[in-house]
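Structure first, then comments.
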């Protein structure tokens, strides 16, 4: 885990910047994305804003990160998230 004030060397020639406490939250969000089978964004959906995704380098800059449209579509296709208010959540109770 990164400590506040620790320098981070990002990819693609960007300038190093200091770690922020929100990065821990972004890191957890990133790992939860993997739990829901999301890959690293730029590997699967290369596009100009892929590095802003929390599933790529965006976790470092959380809360200034995004989910790209393809990630939203994949999450909506699963049964865990109701990303549309018209979808009905199922119950977890047995019986």
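Residue numbers (this note's numbering): 7 to 101. Beta carbons are placed, not taken as given, at the ideal position from N, Cα and C, and that holds for glycine.
Taking the alpha carbon of residue 58 as the reference point, which residue from 29, 50, 73, 49 has its own alpha carbon closest? Your numbering for residue 58 matches position 52 in the chain shown. When each option's Cα is compared against that of residue 58, the closest is 73.
Here's the rule I'm using: 16 or more other beta-carbon atoms within 10 Å means buried, otherwise exposed. How should residue 109 be labelled? As shown, the chain starts at 7 and ends at 101. That puts residue 109 outside it, with no answer to give.
Cut-off 8 angstroms between Cβ atoms - residues of its own chain near residue 28, not counting five sequence neighbours on either side: Along the chain shown, one-based indexing puts residue 28 at 22. Contacts found: 68, 69.
Give me the Cα-Cα distance between residue 45 and residue 31, rounded to the nearest whole angstrom. Counting from one through the chain shown, the residue named residue 45 turns up at place 39. Counting from one through the chain shown, the residue named residue 31 turns up at place 25. About 18 angstroms.
Candidates 50, 63, 86: which alpha carbon is nearest residue 76's? For the purposes of this step, residue 76 is taken as the residue at position 70 of the chain shown. Closest by alpha carbon: 50.
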